[in-house]
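K.L.:
Residue numbers (numbering that gives the first Met the number 0), protein chains in the order written: chain A, 0 to 102; chain B, 0 to 171; chain C, 0 to 334; chain D, 0 to 187.
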Amino acid sequence: MVPLNWYLMLSVSLFIVGLIGFLTRRSIIMMFLSVEIMLNAINISLIAMSHYMQDMRGQVLAFFVIACAAAGMAVGLVLLISAYRNKPTVRLEDFDLLKDRAF
Amino acid sequence: MLPQLFFAYFAVMILGLALVVITRRNMVHAVVWMLLMFVHIGGLYLFLNAEFFAVIQVIVYAGAVLVMFLFVVLLLNLREEQGLPIFIRGVQGRVIIGLILLLTLVSAAGQASKGQGGRFSIDYIQRQTHIKVLGSVLFNDYVYPFLIMGFILFVPMVAVVVLAIRRSNGSS
Amino acid sequence: MEFLYNLMIPIIKVAVVFAVTLLHVAYATYFERKVIGRMQCRIGPTEVGPYGLLQPFADMFKSLFKEDIIPAKADKAVFFIAPVIVLAPTMSSLSVIPFAEGFMIADVNVGMLFILACASLSVYGIILAGWSSNSKYAFFGGMRSAAQVISYEIAMGISLASVFLMAGSVRLDEIVKAQYEYTFSMYAPHLLIGFVVFLIAAFAETNRTPFDLPEAETELVAGYLTEYSGFRYALFFLSEYVAMFIMSSIITLCFLGGWTIPRFITDILPFLSYVPGILWFLSKVYFFMFFYYWIRATIPRYRFDQLMAIGWKILIPLSLLNLLIVAFVKRFVID
Amino acid sequence: MTFRDIAYKVFFIEILKGLALTLKVFFTKPVTIKYPHERRPVSPGFRGRHAMVRDPKTGKERCVACMKCAMVCPSQCIYIKYTGQEGESRHLVKYEIEAYRCIYCGYCVEVCPMNAIVLTEHYEYASYKREDNYFDKDRLLQNWDEHVRNIKADKYFNKFWRPLGIDIGRLPANKRDAVVEINDKRSD
């Protein structure tokens with residue numbers, strides 16, 4: 000039997016990998032992919048805990064996380080497409096119209 | 000011994016593939032590696048007695064969300080992005096912060112202990128099948144969250160149509 | 000020893016199913032050419048072997064020994080892996096199909112959903128094949144195919160949901176057993192809307208005429224297959240026919256009672272119940288394969304906007320309506 | 000949209016009609032002719048490969064190098080050379096037809112006063128070399144031999160080898176009946 004801690008460690012490590020990807024990549028699409036990785040990490044820990052605690056609430060929550068992730072990604076990607084129509088780039092640092100140049 | 004080995008395989012593959020994903024320059028390649036990672040996560044769910052989630056993982060994440068990514072990557076012409084650097088400036092500092100966070104969280108996760116067992120034991124789920132158990136919990140105890148979830152899924156649908164539609168006369 | 004025995008049984012099953020499927024694909028092409036030939040006043044292949052029966056093997060050897068051409072600016076790794084991504088999920092979804100009572104390779108609780116998951120995975124192969132070829136025809140074909148498959152998957156899934164609702168299970172063998180209790184021992188008359196929706200969606204899922212826009216010869220050369228040749232082309236071809244076989248099997252299992260024969264027939268002709276179930280199953284499947292060819296010989300290709308309109312404006316509302324009706328009937332009439 | 004239209008749409012009437020049609024055709028006899036095994040009979044007047052008629056008496060061509068065929072040819076694919084002065088009888092040196100340029104109008108056959116150049120009913124002259132369809136004099140005579148080989152009778156008549164609709168009496172003597180005597184070496 001694999002202990003629960005192993006699943007939690009895997010989940011946490013996966014979350015951190017996603018976080019690093021989110022913080023360091025330039026492209027918005029890659030940042031969205033990193034967010035997906037983080038949501039999957041959350042799901043692993045939710046389902047693992049649900050399994051080990053013999054309670055379905057974690058899985059219900061994971062179900063909602065999956066639905067929200069799909070909805071969020073759809074909106075994010077369509078925002079990206081409408082932004083791309085105005086400015087043909089997916090690099091986050093190019094969207095700096097509101098940035099104060101003095102700093 | 001065998002379960003541990005399987006878990007180790009899946010854990011190494013998931014983490015390795017996640018690292019591969021976030022370091023790819025070509026986004027189509029990243030999406031393909033991500034697909035492989037999602038399939039592995041689905042395999043991990045099978046060990047957790049959640050076969051419905053294993054399938055949902057593949058249907059929703061791999062079949063819908065990632066295809067959406069792939070569509071967007073292919074719709075946008077990203078040829079000129081290829082030559083530019085992958086990571087932003089000052090990447091090392093962020094990675095170090097991430098690693099510190101990793102150490103903290105992993106040590107915390109190592110000390111976690113499970114609480115009181117509930118009524119959904121493994122035998123019960125196997126007897127009733129996972130879909131039935133999940134369905135009964137979802138539709139009996141969590142009806143209102145489920146309905147709200149339906150609404151949450153509906154709003155982005157409208158939002159996507161409104162945002163993506165090109166007006167025939169007007170702007171552009 | 001017992002461990003070996005337990006290991007051998009699935010391997011033998013896999014070997015049997017694999018061999019039968021490959022043979023089936025070989026002769027499905029022959030059957031298609033013969034049927035469409037006769038429907039167009041032709042006779043189809045006759046040259047290789049008696050009545051052209053060895054034609055599939057001739058085609059196979061030809062495609063195996065043809066030169067494997069790779070476009071110069073193709074993304075080689077993705078180009079190589081794309082046919083495999085198409086073929087592997089398609090083949091693996093064969094493993095949950097019960098060909099007869101108790102004969103399935105993998106006995107999983109989520110059988111039907113597994114097939115849906117596999118169907119959604121094989122879209123990747125098509126998109127990636129189109130993208131990696133670095134050719135405009137292939138790219139358009141891949142994008143069209145992906146849009147089409149994703150749109151019709153929704154209608155297909157919802158129309159299958161009504162079957163799950165009636166049967167109370169997503170296991171294919173339990174769906175078949177649940178159908179046996181109903182009037183005609185099949186769901187097709189009860190879930191007529193769902194049946195028709197699924198039938199149309201199945202044509203679109205497998206990229207067959209009248210929804211064969213991804214490989215529309217007259218406009219896109221061969222769609223996402225344009226740059227493929229030789230063995231890799233054969234893999235795409237194989238997976239298309241296996242997918243047709245799987246779709247026909249799903250229709251048979253979910254709407255036509257699988258390997259069972261309707262009770263009103265066995266009441267009149269009791270000796271028919273001694274015929275093995277796999278024969279009934281295969282005859283139903285082959286009827287649908289024939290139907291695929293029949294439709295191909297009859298209906299011209301739809302335009303892409305018509306295709307999308309059928310998918311989103313007709314099939315999805317219809318399947319939702321069907322689901323609603325079935326839910327009400329199940330709750331207030333049957334229970 | 001009338002009720003009838005809606006009913007047609009809902010019950011796929013048009014599609015069902017089409018399906019019934021294809022099913023009906025499915026049970027009819029196919030019209031295919033399996034070409035290398037069976038051949039379709041050549042219709043009279045078919046204009047196939049060129050040939051020069053071999054005179055059974057001399058064993059040579061009947062051409063007198065009058066140049067009429069080369070002049071009438073719309074695609075100008077007939078090349079003729081001859082020797083002999085004005086007033087003397089001409090002697091044919093070169094007679095070539097480029098079959099790729101030929102449009103098979105049959106003017107050369109109609110105009111020939113000697114019935115020397117004809118279009119046979121042979122239609123399988125695909126080959127691996129382009130040169131095979133550039134007919135010189137020997138090749139044209141050989142074509143005639145190939146054409147004659149399957150004819151059982153002593154004489155061969157093809158009414159399309161002379162201009163139709165012209166009074167026979169006005170044609171040259173050699174052209175009048177368009178009958179070719181086949182008395183080749185087989186009988187010797």
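We treat Cβ as the ideally placed atom computed from N, Cα and C, and that holds for glycine.
#1: Return the residues of the region 114 to 138 of chain B that lie within a Cβ-Cβ distance of less than 9 Å from chain A, sorted by chain order.
#2: Quick one: residues in its chain with C-beta nearer than 6 Å to the C-beta of C/Gln54, no 5 flanking neighbours on either side, listed in chain order?
#3: Suppose you measure from the CA of D/Val108 to the CA of D/Arg39; what does that come to, to the nearest Å?
#4: Under a CB-based cut-off of 7 Å, is D/Thr119 close to chain C?
#5: Would you verify that the beta carbon of D/Phe25 is, or is not, closer than 7 Å to some beta carbon of chain C?
#6: Does any CB atom of chain D fall closer than 7 Å to the CB of C/Thr182?
#7: Roughly how many whole angstroms lie between the Cα atoms of C/Leu52 and D/His146?
#8: Please name the residues in the region 161 to 182 of chain C whose beta-carbon is closer than 7 Å to at least one beta-carbon of chain B, in chain order.
#9: Could you check the C-alpha separation between C/His23 and C/Phe202 for me, to the nearest Å?
#10: Which partner residues does C/Ala27 have in the DSSP bridge list?
#11: If we define contact as Cβ-Cβ less than 7 Å, is C/Leu112 a contact residue for chain B?
#12: Alpha carbon to alpha carbon, how far is B/Asn25 from B/Val94? Give it in angstroms, no decimals.
#13: Can you give the Cα-Cα distance for C/Ile8 and A/Ala47, rounded to whole angstroms?
#14: Name the chain C residues that come within less than 8 Å of D/Thr21, Cβ to Cβ?
#15: Starting from C/Ala99, follow its DSSP beta bridges and name the residues at the other end.
#16: On the three-state DSSP scale, how would you describe B/His129?
#17: Would C/Leu234 and C/Pro82 be called neighbours here (beta carbons separated by less than 7 Å)?
#18: Given B/Ala44, which residues of its chain have a CB within under 8 Å of its CB, disregarding the five upstream and five downstream residues?
#19: Could you tell me which whole alpha helix (DSSP H) segments of length 4 or greater appear in the region 26 to 82 of chain D?
#20: So who's on the other strand from D/Leu118, going by DSSP bridges?
#21: Under 7 Å, do B/Leu16 and A/Gln58 count as touching if we go by C-beta distance?
#22: Considering only C-alpha positions, which residue in the set C/Arg32, C/Arg41, C/Lys33, C/Ala25 is nearest to D/Tyr28?
#23: Which partner residues does A/Arg90 have in the DSSP bridge list?
#24: For the region 41 to 53 of chain A, enumerate the residues whose C-beta is nearer than 9 Å to any C-beta of chain B, in chain order.
#25: Is there a C-beta anywhere in chain C that falls below 7 Å from the one on D/Val9?
#26: Report yes if the C-beta distance between D/Phe134 and D/Ile96 is below 7 Å; otherwise report no.
#27: Apply the 10 Å Cβ neighbour rule to A/Met8 and answer buried if 16 or more other Cβ atoms are within range, or exposed otherwise.
#28: Assuming C/Asp211 and C/Ser131 form a contact by the criterion Cβ under 8 Å, report the distance between their Cβ atoms to the nearest whole angstrom.
#29: Closer than 8 Å, Cβ to Cβ, to anything on chain B: give me those residues from the region 92 to 112 of chain C, in chain order.
#30: Return the residues of the region 34 to 64 of chain B that lie within a Cβ-Cβ distance of less than 7 Å from chain C, sorted by chain order.
#31: Tell me the residue span of the beta strand (DSSP E) that contains B/Leu83.
#32: Runs of 4 residues minimum, wholly inside the region 14 to 52 of chain B: which ones carry the alpha helix (DSSP H) assignment?
#33: Comparing the C-beta of A/Ala116 with each C-beta of chain B, is any distance below 7 Å?
#34: Please classify D/Glu85 as buried or exposed, where buried requires at least 16 neighbouring CB atoms within 10 angstroms.
#35: At least one CB of chain A closer than 7 Å to the CB of B/Ser170: is that the case?
#36: What in chain D is Cβ-close to C/Arg32, meaning under 8 Å?
P.N.:
If we stick to the structure as given:
#1: Gly114, Gln115, Gly116, Gly117, Arg118, Phe119, Ser120, Ile121, Tyr123, Ile124, His129, Val132, Leu133, Ser135, Val136, Leu137
#2: Within the third sequence, numbered from 1, the residue matching residue 54 of chain C stands at position 55. These residues qualify, in order along the chain: Tyr29, Pro44, Val47.
#3: Position 109 of the fourth sequence holds residue 108 of chain D. Position 40 of the fourth sequence holds residue 39 of chain D. Straight-line Cα distance between these residues: approximately 24 Å.
#4: Stepping through the fourth sequence from its first residue, residue 119 of chain D is reached at position 120. For D/Thr119, the answer is no, since every Cβ of chain C falls outside 7 Å of its Cβ.
#5: Residue 25 of chain D sits at position 26 when you count from the first residue of the fourth sequence. Taking Cβ atoms only, chain C reaches closer than 7 Å to D/Phe25, which makes this a yes.
#6: Translated into positions along the third sequence, residue 182 of chain C becomes position 183. So no, C/Thr182 is outside the interface.
#7: Counting from 1 along the third sequence, the entry for residue 52 of chain C is found at position 53. Counting from 1 along the fourth sequence, the entry for residue 146 of chain D is found at position 147. Going from the Cα of C/Leu52 to the Cα of D/His146 covers about 37 Å.
#8: Val169
#9: Locating residue 23 of chain C in the third sequence gives position 24, where the first residue counts as 1. Locating residue 202 of chain C in the third sequence gives position 203, where the first residue counts as 1. Approximately 19 Å between the Cα atoms of the pair.
#10: Here residue 27 of chain C is taken as the residue at index 28 of the third sequence, counted from 1. In the DSSP output, where bridge partners are listed per residue, C/Ala27 has none listed.
#11: Position 113 of the third sequence, counted from the first residue, corresponds to residue 112 of chain C. Chain B, which has a Cβ nearer than 7 Å to the Cβ of C/Leu112, makes this yes.
#12: Your numbering for residue 94 of chain B matches position 95 in the second sequence. Your numbering for residue 25 of chain B matches position 26 in the second sequence. Each residue's alpha carbon lies about 21 Å from the other.
#13: Working through the third sequence from its first residue, we reach residue 8 of chain C at position 9. Working through the first sequence from its first residue, we reach residue 47 of chain A at position 48. Between C/Ile8 and A/Ala47, the C-alpha separation is close to 32 Å.
#14: Your numbering for residue 21 of chain D matches position 22 in the fourth sequence. Residues of chain C passing the Cβ test: Met38, Trp293, Ala296, Thr297.
#15: Locating residue 99 of chain C in the third sequence gives position 100, counting from the first residue. Beta-bridge pairing links C/Ala99 to C/Phe102.
#16: For the purposes of this step, residue 129 of chain B is taken as the residue at position 130 of the second sequence. Note: B/His129 maps to helix in three-state DSSP.
#17: Counting from one through the third sequence, the residue named residue 234 of chain C turns up at place 235. Counting from one through the third sequence, the residue named residue 82 of chain C turns up at place 83. Cβ atoms of C/Leu234 and C/Pro82: closer than 7 Å.
#18: Locating residue 44 of chain B in the second sequence gives position 45, where the first residue counts as 1. Note that residue 44 of chain B corresponds to Tyr in the displayed sequence, not to Ala. If we look at B/Tyr44 and ignore the five residues flanking it on each side, its Cβ neighbours are Glu50, Phe52, Ala53, Gln56.
#19: 67 to 71
#20: On the fourth sequence, position 119 is the one that residue 118 of chain D refers to. DSSP output for D/Leu118 lists D/His49 as bridge partner(s).
#21: Translated into the one-based positions of the second sequence, residue 16 of chain B becomes position 17. Translated into the one-based positions of the first sequence, residue 58 of chain A becomes position 59. No. Outside cutoff.
#22: On the fourth sequence, residue 28 of chain D is found 29 positions in, with the first residue counted as 1. First, the residue type needs correcting, since residue 28 of chain D is Lys and not Tyr in the sequence shown. Taking only the C-alpha atoms, the option nearest D/Lys28 is C/Arg41.
#23: Within the first sequence, the letter at position 91 stands for residue 90 of chain A. Paired residues: A/Ser26.
#24: Asn42, Ile43, Ser44, Ile46, Ala47, Met48, Ser49, His50, Tyr51, Met52, Gln53
#25: Numbered from its first residue, the fourth sequence carries residue 9 of chain D at position 10. No, its Cβ sits nowhere closer than 7 Å to a Cβ of chain C.
#26: Numbered from its first residue, the fourth sequence carries residue 134 of chain D at position 135. Numbered from its first residue, the fourth sequence carries residue 96 of chain D at position 97. Yes; because the gap between Cβ atoms is below 7 Å, this pair is in contact.
#27: As a first step, residue 8 of chain A is located in the first sequence; it is residue number 9 there, counting from the start. The residue is buried, with at least 16 neighbouring Cβ atoms inside 10 Å.
#28: As a working note, residue 211 of chain C is residue 212 in the third sequence. As a working note, residue 131 of chain C is residue 132 in the third sequence. Not quite, the Cβ-Cβ distance comes to about 21 Å (not below 8 Å), so this is no contact.
#29: Val107, Asn108, Val109, Leu112
#30: Leu34, Glu50, Phe51, Val54, Val57, Ile58, Ala61, Gly62
#31: Looking up residue 83 of chain B in the second sequence gives position 84. B/Leu83 -> no beta strand (DSSP E), and no H or E assigned at all.
#32: 26 to 46
#33: Because chain A spans 0 through 102 in this model, residue 116 of chain A falls outside it and cannot be assessed.
#34: Taking the fourth sequence and counting its residues from 1, the one referred to as residue 85 of chain D is at position 86. Under this definition D/Glu85 is an exposed residue.
#35: In the second sequence, residue 170 of chain B corresponds to position 171, counting from 1. Because the pLDDT of B/Ser170 is 49, which lies under 50, any placement of that residue in the model is unreliable, and the question is left without a value.
#36: For the purposes of this step, residue 32 of chain C is taken as residue 33 along the third sequence, with counting starting at 1. Neighbours of C/Arg32 on chain D: none; closest Cβ ~13 Å, over 8 Å.
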